[in-house]
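Colleague:
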Amino acid sequence: MKTSTVPHPAEVLILAKVPPAVQERARQIRLMAFDVDGVLTDGSLWYNENGETLKRFNALDGHGLRLMGESGVAVALITGRQGPIVARRAAELGLSLVLQGVRDKAQALAALAQEQGYSLDQVGYMGDDIIDLAALQRVGFAATPPTAPAYVRQAAHWVSTERGGEGAARECCDLILAAQGRLRTFFGPNALILGGVTQ
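For what it's worth, my numbering labels the leading residue of the sequence shown as 23, then goes sequentially.
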């Protein structure tokens, strides 16, 4: 079935405040990687009485990652920490590209891109801390939440309005899908945007 070339009103709404240069970068992305702590979570680490780490994930973020995968954009998680909770969350979302315990994220991302057959111009990364800087500086589309330190925000092409763990990743996914004209495929034929609200 032929996909319409007419932008969906939701895509127009999402891209309205995004500079054309950023839209073009997002349009090229074929592999989007996300840090976990501070991006998919709010950065809090909770420990139970057995010393096990607990994290809170956002369902909207998770759905955004699913939409990306279903649209044909590969999704990866790259985190400096190690633990079963990330693997479990990735499995729930159907994500197979999961790298844990990574200290050199730029190198890991470059290796992953090569393995998947993409140039770094086709790769995006969303991170929020000093460990993410080198990776952010190498990719075609660099994103960060607003809670990242100023020197990390300055390295990003785009800063979300939502905070990490509170919709930042979903906002990023929606931007990429809208820029590529892929978001429209997820709206049913009877879905209308009226006054900025999906009906």
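Every residue, glycine too, gets a C-beta built ideally from N, C-alpha and C.
Which term fits V34, buried or exposed, when burial requires 16 or more other beta carbons within 10 angstroms of its beta carbon?
Modeller: exposed
Colleague: G149: buried (16+ other C-beta within 10 angstroms of its C-beta) or exposed?
Modeller: Buried is the call here.
Colleague: Hey, how far is the Cα of I153 from the Cα of A43?
Modeller: 26 Å
Colleague: Could you tell me whether any Cβ in chain C is nearer than 8 Å to the Cβ of A164?
Modeller: Absent from the structure: chain C. Only one protein chain is present.
Colleague: Quick one: is Q202 buried, meaning 16 or more other Cβ sit within 10 Å of its Cβ, or exposed?
Modeller: Of the other Cβ atoms in all chains shown, 16 or more fall within 10 Å of the Cβ of Q202; this residue is therefore buried.
Colleague: Looking at the strands, I want to know which residues DSSP matches up with F222.
Modeller: The shown model of the chain, from 23 to 221, leaves out residue 222, and the question about it has no answer.
Colleague: Specify whether the segment 55–66 and the segment 165–180 touch according to this definition: at least 3 beta carbon pairs, one from each stretch, less than 8 Å apart.
Modeller: yes
Colleague: Among E114, P41, R78 and L82, which has the Cα closest to the Cα of D196?
Modeller: L82
Colleague: Relative to the C-alpha of L199, which residue among Q122, P41 and E92 is closest?
Modeller: E92
Colleague: Would you please state the rounded distance, in angstroms, between the beta carbons of Q129 and R103? I believe it to be under 8 Å.
Modeller: 17 Å between Cβ atoms; not a contact.
Colleague: For H85, tell me which candidate among A112, I100, D64 and T101 has the shortest Cα-Cα distance.
Modeller: Its Cα nearest to that of H85, the residue A112 stands out among A112, I100, D64 and T101.
Colleague: So, helix, strand or coil for I153, using DSSP?
Modeller: helix
Colleague: Measuring alpha carbon to alpha carbon, tell me which residue in E193, R78, L205 and A177 is nearest R110.
Modeller: If we check each option's Cα against that of R110, R78 comes out closest.
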